[in-house]
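Engineer:
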Amino acid sequence: MKSISRFYKTLFVVGTGLCLLPLSAISAFAQADSAITIFQPPRLVAATSTYINTDVREATYYFTIEVPANAGKPLQQVNITQRQGLERIRYDAQESRAFEGTPDRKGQKLPIQLASNDSQKNTVTVTFDQPIPPGKTVTIGLKPFRNPSYDGVYIFQLTAFAPAQQTDGQYIGTGRLQFYRGL
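Just so we're on the same page, our numbering is the position in the sequence shown counted from 1, plus 861.
1. In chain order, what residues of the same chain lie with their CB nearer than 7 angstroms to the CB of E948, ignoring the 5 residues before and after it?
2. My output table needs one value for T984: the three-state DSSP class, helix, strand or coil.
3. To the nearest angstrom, report how far apart S957 and A908 are at their CA atoms.
4. Taking the C-alpha atoms as reference points, what is the distance between Y952 and N940?
5. Assuming N983 contacts Q1031 under a Cβ cut-off of 8 angstroms, what Cβ separation, rounded to an integer in Å, is found between them?
6. Less than 8 angstroms between CB atoms is the rule here; does A959 satisfy it with respect to chain B?
7. Figure out for me which residue from T988, V1014, Q981 and Y922 has the closest Cα to the Cα of P1040.
8. Do you know how far the Cα of R1037 is from the Cα of K967?
9. Rounding to the nearest angstrom, what Cα-Cα distance links L884 and I1001 in this structure?
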């Protein structure tokens, strides 16, 4: 009887120890990793157009991007790719611009380089002369030569790149602009 009692006590102690081992390992791992910071990528906040009628020549397309305070890296470049729309939109590199803030609260102008349209991918590359630090909101204002002639929904995909980033970049959002005929 004593040996059976001793056996169950030993089994209980060993079993409890084995059950608690993963918890203590997880706790130790969590304590060791407590210094790790989770980085949040930039995100597209809004996409708007100053004019929604087709064929308008004075329009500007605004893409507002937030670089969160915990982004970890600054924003250097944004690719804007037209994914949908009946007509390919072309932009005036000389008239396109960027600034801190939003279209209704414009801040300091930011010098940019606008790469010519990539005709195969319908992509415009916007490169900031100085990287945008975490904690800032910026707006890119693309100036089309004119709004599309065909009405409908035009979809744009935005991809962000940190300085010296040679990878595929980080998807940050999809912008939607809708144009109407005869308003």
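Beta carbons are placed, not taken as given, at the ideal position from N, Cα and C, and that holds for glycine.
Structural biologist: Let's see:
1. Numbered from 1 along the sequence shown, position 87 holds the residue referred to as residue 948. In the same chain as E948, and ignoring 5 residues on each side of it, the C-beta atoms closer than 7 angstroms to its own belong to P1009, S1010 and Y1011, in chain order.
2. Here residue 984 is taken as the residue at index 123 of the sequence shown, counted from 1. In the displayed model, T984 falls within a strand according to three-state DSSP.
3. Within the sequence shown, the letter at position 96 stands for residue 957. Within the sequence shown, the letter at position 47 stands for residue 908. One C-alpha to the other measures close to 15 angstroms.
4. As a first step, residue 952 must be located in the sequence shown, where it is residue number 91. As a first step, residue 940 must be located in the sequence shown, where it is residue number 79. Answer to the nearest angstrom: the Cα atoms are 14 angstroms apart.
5. What you label residue 983 is simply residue 122 of the sequence shown in a count that begins at 1. What you label residue 1031 is simply residue 170 of the sequence shown in a count that begins at 1. Incorrect: roughly 20 angstroms between the Cβ atoms, too far for contact.
6. Protein chain content of the structure displayed is limited to a single chain, and chain B is not contained in it.
7. As a working note, residue 1040 is residue 179 in the sequence shown. The displayed chain sequence assigns Phe, not Pro, to residue 1040. The closest CA to that of F1040, considering only T988, V1014, Q981 and Y922, is found on V1014.
8. Here residue 967 is taken as the residue at index 106 of the sequence shown, counted from 1. Here residue 1037 is taken as the residue at index 176 of the sequence shown, counted from 1. The alpha-carbon separation between K967 and R1037 amounts to approximately 21 angstroms.
9. One-based indexing of the sequence shown puts residue 884 at position 23. One-based indexing of the sequence shown puts residue 1001 at position 140. Because the pLDDT at L884 is just 40, under 50, the model does not fix this residue reliably, and the point stays unresolved.
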